[in-house]
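Below is one structure; the comments refer to it alone.
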Amino acid sequence: MLVKHLGSCHCGAVKFEVEAPADLRVFRCNCSICHKKQNHHFIVPKRQFVLLTGTDYLTTYTFNTHLAKHLFCRQCGVQCFYSPRSNPDCYGVMPHCIDSPTITSIEYVDFDGEHWEEAMNKCAESGNKNPFDIK
1 MLVKHLGSCH
11 CGAVKFEVEA
21 PADLRVFRCN
31 CSICHKKQNH
41 HFIVPKRQFV
51 LLTGTDYLTT
61 YTFNTHLAKH
71 LFCRQCGVQC
81 FYSPRSNPDC
91 YGVMPHCIDS
101 PTITSIEYVD
111 FDGEHWEEAM
121 NKCAESGNKN
131 PFDIK
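With UniProt numbering applied, the sequence shown covers 1 to 135.
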């Protein structure tokens, strides 16, 4: 069952709502950017995410393949969500940016993003084409 979570950046310029389970499955990735930012995220289809305010405050950082779009507030620097390379039709949302008391539990799942290609190939070989597939 999906619930509506409300979230924001630190300064409050960027506000969003996202429909996701109350029991979240959150990925801990060790790729270079997630490691530097200590980023954890859960994946939702873009249709379940609404940016309420802050379009003008968002700026984008890309690197390497430029497929992932790392959006963050240009005023306070907080990244609330991003468009992941693995799921371009989804958003990765940071659970620590959820303000409403709607999260019941968090299950952390480690992903070896430091070795991205190998990790994705292992998933494909095991029959799971994408470790970030949403249930």
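Cβ atoms here follow ideal geometry from the backbone N, Cα and C, with glycine treated the same way.
Helix, strand or coil for G77? Go by DSSP, reduced to three states.
If DSSP states are grouped into helix, strand and coil, G77 belongs with coil.
Look up C97 in the DSSP assignment and give the residues it is bridged to.
Answer by DSSP bridge pairing: none, since C97 is not bridged.
S32 lies in the beta strand (DSSP E); which residues open and close that run?
Per DSSP, S32 belongs to no beta strand (DSSP E); it is in the alpha helix (DSSP H), 32-37.
Could you name the residues of the same chain whose beta carbon sits closer than 6 Å to that of P45, not counting the 5 residues immediately before and after it, in chain order?
C90, listed in sequence order.
Residues in the same chain with beta-carbon distance under 8 Å from E114, minus the five sequence neighbours each way, listed in chain order, please.
Contacts found: N30, C31, S32, H35.
What residues in its chain sit with their C-beta under 7 Å from that of S100, if we drop five residues either side in the sequence?
Within the same chain, S100 has close Cβ partners H5, L6.
Consult DSSP for K15 and reduce its assignment to one of helix, strand or coil.
Three-state result, K15: strand.
Would you kindly check if the distance between the Cβ of C97 and the Cβ of P13 is under 9 Å?
Looking at the sequence provided, one finds Ala at residue 13 rather than Pro. Not closer than 9 Å, so no.
Nearest by alpha-carbon distance to K15: which of D110, C80, V109 is it?
Among D110, C80, V109, the Cα nearest to that of K15 belongs to C80.
Just mark C11 as buried or exposed, buried being the case when its beta carbon has 16 or more other beta carbons within 10 Å.
Classification for C11: exposed.
So V26 packs on I106, CB below 8 Å; how close in whole Å?
Rounded, the Cβ-Cβ distance is 5 Å, consistent with contact.
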